[in-house]
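Numbering (the working numbering), first residue to last: 187 to 261.
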């Protein structure tokens, strides 16, 4: 399953066509992506929790990679 399969449901379509589209195949593709990312995040040993803590400023700056907000990276 690829993320591109989700996008295929929307490419080259008008807003009206998208509104009238059958929702179940789209929901199935999105569910596949969520499942895949959930499994991947689990394999990455707490990556989601660590990222959420970084966003709340709960991780010391020595552990941050320096990417993102330059004000934070310079501390």
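Beta carbons: idealized from backbone N, C-alpha and C, even for Gly.
My output table needs one value for residue i: the three-state DSSP class, helix, strand or coil.
i           : result
residue 196 : coil
residue 204 : helix
residue 268 : In the structure displayed, the chain extends from 187 to 261; residue 268 sits before or after that span and is not available.
residue 242 : coil
residue 261 : In this prediction, residue 261 scores a pLDDT of 42, lower than 50, which makes its location untrustworthy; the coordinate-derived value is nonetheless stated afterwards. Here residue 261 sits in coil by DSSP.
Would you give the residue range spanned by the alpha helix (DSSP H) that residue i belongs to?
i           : result
residue 232 : Residue 232 -> no alpha helix (DSSP H), and no H or E assigned at all.
If distances are taken between C-alpha atoms only, which option among the options comes closest to residue i?
i           : options            : result
residue 193 : 203, 215, 202      : 215
residue 191 : 241, 199, 211, 202 : 211
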